[in-house]
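Enquirer:
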Amino acid sequence: MTIHHKMRDDCVPRSAWLGRFQKVRALSESLARDLHPEDQTVQSMPDASPTKWHLAHVSWFFETFVLVPHLPGYAVAYPQFAYLFNSYYEAAGARHARFARGLITRPTVDEVAAYRARVTDAMGELIATAGEAAFAAIAPLLEIGINHEQQHQELILMDILNLFAANPLRPAYRPSAGVPAGTAPDLTFFDFPGGIFEIGHDGTGFAYDNEGPRHQVLLRPYRLASRPVTNGEWIAFMEDGGYGRPDLWLADGWARVQAGEYTAPLYWEKAGAGWEAMTLSGQHPVDPAAPVVHVSYYEADAYARWSGRRLPTEAEWEVAARDMPVSGNFLEADTLKACALRPLPAGPVSGHPAQLYGDVWEWTQSPYVAYPGYRPAPGALGEYNGKFMSSQMVLRGGCCATPDGHARATYRNFFYPHQRWPFAGLRLAEDA
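Just so we're aligned, residue 1 is where the sequence shown starts under UniProt numbering, counting upward by one.
(1) How should Glu132 be labelled, buried or exposed, when 16 other C-beta atoms within 10 angstroms of its C-beta is the threshold for buried?
(2) Considering just the uninterrupted stretch of the alpha helix (DSSP H) at Phe85, what are its terminal residues?
(3) With 16 other CB atoms within 10 Å as the buried threshold, where does Glu125 fall?
(4) Considering only DSSP beta bridges, list what Val394 is partnered with.
(5) Just mark Arg8 as buried or exposed, buried being the case when its beta carbon has 16 or more other beta carbons within 10 Å.
(6) In whole angstroms, give me the CA-to-CA distance for Tyr173 and Lys52.
(7) In terms of residues, what are the limits of the alpha helix (DSSP H) holding Glu90?
(8) If you drop the 5 nearest sequence neighbours on each side, which residues of the same chain put their C-beta closer than 6 Å to that of Glu111?
(9) In chain order, which continuous runs of the alpha helix (DSSP H) of length 4 or greater are located wholly inside the UniProt domain "DinB-like" (21-156)?
(10) At 4 residues or longer, what runs of the alpha helix (DSSP H) sit wholly inside the UniProt domain "Sulfatase-modifying factor enzyme-like" (192-323)?
(11) When you compare only the Cα positions, how much space is there between His5 and Tyr374?
(12) Would you tell me roughly how many angstroms separate the C-alpha atoms of Thr2 and His284, rounded to the nearest one?
(13) So Asp359 is in the beta strand (DSSP E); what residue range does that whole segment cover?
(14) Decide if Ala56 is buried, meaning its Cβ has at least 16 other Cβ atoms within 10 Å, or exposed.
(15) Can you say whether Trp148 is buried or exposed, counting buried as having 16 or more other CB atoms within 10 angstroms of its CB?
(16) Comparing C-alpha positions only, which one of Ser366, Tyr115, Gly194 sits nearest to Pro221?
(17) Going by beta carbon distance, what residues of the same chain come within less than 8 Å of Ser366, once the five residues before and after it are set aside?
(18) Between the beta-carbon of Ala409 and the beta-carbon of Phe330, is there less than 8 Å?
(19) Pull the bridge partners of Leu331 from the DSSP assignment, please.
(20) So who's on the other strand from Pro367, going by DSSP bridges?
(21) Look at the alpha carbon of Ala300 and the alpha carbon of Met389, and state the distance between them as a whole number of angstroms.
(22) For Met7, which three-state DSSP category applies?
(23) Are the segment 210-218 and the segment 181-201 touching, with three or more C-beta to C-beta distances below 8 Å?
(24) Quick check: does the Cβ of Phe21 come within less than 7 Å of any heavy atom belonging to the ligand MN?
(25) Does DSSP put Phe189 in a helix, in a strand, or in coil?
(26) Give the C-beta separation of residue 455 and Ser176 to the nearest angstrom, bearing in mind that I take them to be a contact with Cβ-Cβ under 8 Å.
(27) Could you check the C-alpha separation between Ser44 and Trp421 for me, to the nearest Å?
(28) Quick one: Cα of Ala264 to Cα of Asn385, how far?
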């Protein structure tokens, strides 16, 4: 794959590169710190992967795409790991089936940790000793590898929550008493003018290839909500029969309702007169003021229809976000903030929506397709994004499990419209 990076990599000290790399590696390991070996081996569903697999896969990525081609004398100690821990890179060779990753009881958790340490040490040697010309070729791959591991940090949290939610004991990943229920600010809408705008990455700093090329879009005047939809508002939708009205649903979504798959957001359970939800900090009463999370695109679209509004397009979202600071409830160092438990911030900021980043990814009505002029790079890394540009929908903004520094206005996350295990919610839009 290609990346956009105007800043010259040789202007960044090697010590800074090494520090970033080591910080990301340490965060991944801290996410697994409180998990037992049994927790790290089980796979809760075909879409999820065991924690142990994630930790090994990101190491395989550095080994395959950086160390083997660029560190003289580096020898692969475990050739069979390429089969076990390749995800979807056809050009990199055969691989173990995704749905069967939970059957990989060997290597053990300790052996994967040793593999990670070996790769981390070799990467440190490469960063420190590569000549200037060699490092100029290595730096873009190192940048991709760092961002790739950050993506898997979020996946680790998504997947462990899905696993623990399936356990009748409802174990807490990081026990917490939760956040006291707050009061959501009033829902208001902000006007944005129509016109011709440029969206997509401008080439400054890192971006994935699917964020470009930068191009023009035509927007009609629109209005965007000041905050995401809350749990309390979602409960009103449910109590008004939202899951029982076919006129609100796209056909594929309604088929899932009819099949009993959708009756409430994922991880919600009825508790007396109210609701409880499984979270990374354990099972807690649903906070009406917090953003609703773990809903599919189909559910988000049905809610928007029920409200008399719609989901924004990804272009509308990006134009609204382009002048806002990237700040929110992100994953930081060893601090896991409460996902979808923290009440919404109060009030708008400088005439814009109060918060566009953090807490929950926000479904848009835009299909995940290539921007005009997009071409995937040749080779295995060209498979990173381009081959998935079919049948998926774009989400914007980041969530509480997104590593700090990983979000930006042009970032295009994508999932299939039926999927609910991402930390995904919604923000309403309407035509002006």
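Beta carbons are placed, not taken as given, at the ideal position from N, Cα and C, and that holds for glycine. Since we're looking at a predicted model, the values are computed, not measured.
Expert: Working from what's here:
(1) Position 132 of the sequence shown holds residue 132. By the C-beta density criterion, Glu132 is exposed, having fewer than 16 other C-beta atoms within 10 angstroms.
(2) Reading the sequence shown from its first residue, position 85 is the one you call residue 85. For Phe85, the enclosing alpha helix (DSSP H) starts and ends at 81-85.
(3) Taking the sequence shown and counting its residues from 1, one reaches residue 125 at position 125. Counting Cβ neighbours within 10 Å, Glu125 comes out exposed, since fewer than 16 surround it.
(4) Position 394 of the sequence shown, counted from the first residue, corresponds to residue 394. Phe414, per the DSSP bridge assignment.
(5) As a first step, residue 8 is located in the sequence shown; it is residue number 8 there, counting from the start. Low confidence applies here, because Arg8 scores a pLDDT of 49, under 50, leaving its location unreliable; read the following figure in that light. Exposed, because fewer than 16 other Cβ atoms sit within 10 Å of the Cβ of Arg8.
(6) Along the sequence shown, one-based indexing puts residue 173 at 173. Along the sequence shown, one-based indexing puts residue 52 at 52. If you draw a straight line from the Cα of Tyr173 to the Cα of Lys52, it is about 15 Å long.
(7) Within the sequence shown, the letter at position 90 stands for residue 90. Premise fails: Glu90 is in no alpha helix (DSSP H) and is neither H nor E.
(8) Within the sequence shown, residue 111 is the residue found at index 111, counting from 1. Taken in chain order, the list of residues that qualify is empty.
(9) As far as the UniProt domain "DinB-like" (21-156) is concerned, its whole alpha helix (DSSP H) runs of at least 4 residues are 37-41, 51-62, 81-85, 109-129.
(10) Within the UniProt domain "Sulfatase-modifying factor enzyme-like" (192-323), the runs of alpha helix (DSSP H) at least 4 residues long that lie entirely inside it are, in chain order, 231-239, 251-258, 297-307, 314-321.
(11) In the sequence shown, the residue the question calls residue 5 occupies position 5. In the sequence shown, the residue the question calls residue 374 occupies position 374. Because the pLDDT at His5 is just 48, under 50, the model does not fix this residue reliably, and the value given afterwards should be weighed accordingly. Computed Cα separation, rounded: 16 Å.
(12) For the purposes of this step, residue 2 is identified with residue 2 of the sequence shown, where counting begins at 1. For the purposes of this step, residue 284 is identified with residue 284 of the sequence shown, where counting begins at 1. Any reading at Thr2 needs caution, since the residue's pLDDT is 47, under 50, leaving its predicted position unreliable; the model's value is listed next. So the alpha carbons of these two residues sit roughly 43 Å apart.
(13) Reading the sequence shown from its first residue, position 359 is the one you call residue 359. Premise fails: Asp359 is in no beta strand (DSSP E) and is neither H nor E.
(14) For the purposes of this step, residue 56 is taken as residue 56 along the sequence shown, with counting starting at 1. Classification of Ala56: buried, given that the 10 Å Cβ count is 16 or more.
(15) As a working note, residue 148 is residue 148 in the sequence shown. For clarity, residue 148 is His in the given sequence; the question names Trp instead. Buried.
(16) To locate residue 221, count along the sequence shown from 1; it is residue 221. When each option's Cα is compared against that of Pro221, the closest is Gly194.
(17) Taking the first residue of the sequence shown as position 1, residue 366 is located at position 366. The residues are Thr313, Glu314, Ala315, Met393, Val394.
(18) Your numbering for residue 409 matches position 409 in the sequence shown. Your numbering for residue 330 matches position 330 in the sequence shown. Phe330 sits away from Ala409, with the two beta carbons spaced by 8 Å or more.
(19) Position 331 of the sequence shown holds residue 331. In the DSSP assignment, Leu331 is bridged to Pro403.
(20) Counting from one through the sequence shown, the residue named residue 367 turns up at place 367. DSSP output for Pro367 lists Met393 as bridge partner(s).
(21) As a first step, residue 300 must be located in the sequence shown, where it is residue number 300. As a first step, residue 389 must be located in the sequence shown, where it is residue number 389. Answer to the nearest angstrom: the Cα atoms are 21 Å apart.
(22) As a working mapping, residue 7 is identified with position 7 in the sequence shown. Residue placement at Met7 is flagged as unreliable, the pLDDT there being 45, under the threshold of 50; the coordinate-derived value follows with that caveat. In this structure, DSSP gives Met7 a state outside helix and strand, which the three-state scheme calls coil.
(23) Cβ pair count under 8 Å is three or more, so yes.
(24) This structure does not include the ligand MN; it has no bound ligands of any sort.
(25) For the purposes of this step, residue 189 is identified with residue 189 of the sequence shown, where counting begins at 1. Strand.
(26) Because the chain here runs from 1 to 432, residue 455 falls outside it and cannot be looked at.
(27) Numbered from its first residue, the sequence shown carries residue 44 at position 44. Numbered from its first residue, the sequence shown carries residue 421 at position 421. Cα to Cα, Ser44 sits roughly 11 Å from Trp421.
(28) Walking along the sequence shown from the start, residue 264 turns up at place 264. Walking along the sequence shown from the start, residue 385 turns up at place 385. Whole-angstrom Cα-Cα distance: 31 Å.
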